[in-house]
Amino acid sequence: MEAGFEIGTAAATAWSVRPGTGEAEKCPVRDVLDRIGDRWSLLVILVLRPGPQRFNALKRAIGDVSQRMLALTLRHLERDGLISRTVIPTKPPSVEYALTPLGRSLEAPIAALAGWALSRHAEIRDSRRAYDDGRDAA
């Protein structure tokens, strides 16, 4: 945990906003989680952990992401300072993407989340199946 931050009732104000105020973008927790919690950003960050990658290498490593969505995700991550984009002066020019120091600061939390997901995946799938079976019977 970051120094001075505890998850609890008092900390709930860090991510709560009044309905209908349009203040959601001011909430630091929501603002950051909207970016790294989208469908592709975590996967891009995980793929970039070993080192810089070119666009097509990222696309191949992720697999089912469209070219448009990958480009958009990379643009958003670059805008947020989590990755850098470097044009390499070759013919034709190529572009490499790499984690910035800010992006690297996400490695431990993302690795913990990925590890948790791997260790709990079967349990979650079983829970989904039980839930779906219960709803189908009702």
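FYI, in our numbering the residues of the sequence shown are 486 to 623. Virtual Cβ for every residue (Gly too), placed ideally from N, Cα, C.
To which residues does DSSP link residue i through a beta bridge?
i	result
Tyr582	Gln538, Arg570
Excluding the 5 residues preceding and the 5 following residue i in the sequence, name in chain order all residues of the same chain whose CB lies nearer than 7 angstroms to its CB.
i	result
Ile595	Leu527, Ile530, Leu531
Arg520	Ser526, His561, Asp565
Which residue from the options puts its Cα closest to that of residue i?
i	options	result
Pro537	Ala593, Ile573, Ser551, Met554	Ile573
Pro535	Ile609, Glu592, Asp618	Glu592
Ala583	Thr575, Val550, Glu563	Glu563
Quick one: residues in its chain with C-beta nearer than 6 angstroms to the C-beta of residue i, no 5 flanking neighbours on either side, listed in chain order?
i	result
Ser569	Ala583, Thr585
Val550	Trp525
Whole-angstrom Cβ separation of residue i and residue j, contact assumed at under 8 angstroms?
i	j	result
Leu587	Leu567	6 angstroms
Keeping to the same chain, check which residues put their C-beta closer than 8 angstroms to that of residue i; ignore five residues upstream and five downstream.
i	result
Leu555	Trp525, Val529, Phe540, Leu543, Lys544, Ile547
Leu533	Leu543, Ile568, Tyr582, Ala583, Leu584, Gly588
contact_flag[the segment 574-581, the segment 594-608] where n(CB pairs < 8 angstroms) is 3 or more: no
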